[in-house]
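In terms of the numbering used here, the sequence shown opens at residue 167 and continues consecutively.
Quick notes on the structure that follows.
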Amino acid sequence: MGSAKAKLFQADGCQIRVVHLKRVEQARKEAISEREVERLSLTYKVLGDPNRLKIVMALRNVEMYVCDLAAFTGLSESAVSHQLRRLKDLALVRKRRAGQIIYYALDDEHVAKLLDLGLEHVRE
167 MGSAKAKLFQ ADGCQIRVVH LKRVEQARKE AISEREVERL SLTYKVLGDP NRLKIVMALR
227 NVEMYVCDLA AFTGLSESAV SHQLRRLKDL ALVRKRRAGQ IIYYALDDEH VAKLLDLGLE
287 HVRE
């Protein structure tokens, strides 16, 4: 291996040989910000909860209110409301008031695409 392609690094007591420095540099240039890393990580963490995932999947094509979602998931209305707050905090769902009822739906098409891509992946 030529020295132009490989360089030896010391990291936390381990020696790591980086062979493709151009690839590492490209990855660094294309890396997302730490804020984006944290937000994306939190989004996946929130969607990683089975109950929240059931809720957002139910909202893919139709808006529903808390009682609808409670009947669908088998959770209490209080538990559904708590999960919806978490989802709303991350802009994954939005709400719409119709008189005394508040309906929930996916916040935008990006959320639906994220869910559809994940579902496509696990169905392969």
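Quick reminder that beta carbons are idealized off the backbone N, C-alpha and C, glycines included.
Item to check | N- and C-terminal bounds of the beta strand (DSSP E) containing R260 | outcome: V259 to A264
Item to check | Through-space distance from E204 to L225, alpha-carbon basis | outcome: 25 Å
Item to check | Pairwise C-alpha distance: V185 and K254 | outcome: 44 Å
Next on the checklist: Which residue marks the beginning of the alpha helix (DSSP H) containing L283, and which one marks its end?
Outcome noted: E275 to R289
Next on the checklist: Using CA atoms only, rank isn't needed, just tell me which of R263, K261, A257 and V288 is closest to L206.
Outcome noted: A257
Checklist entry - Quick one: what does DSSP say I267 is sitting in, helix, strand or coil? => result strand
Next on the checklist: Please list the terminal residues of the continuous alpha helix (DSSP H) segment that includes S207.
Outcome noted: E200 to L213
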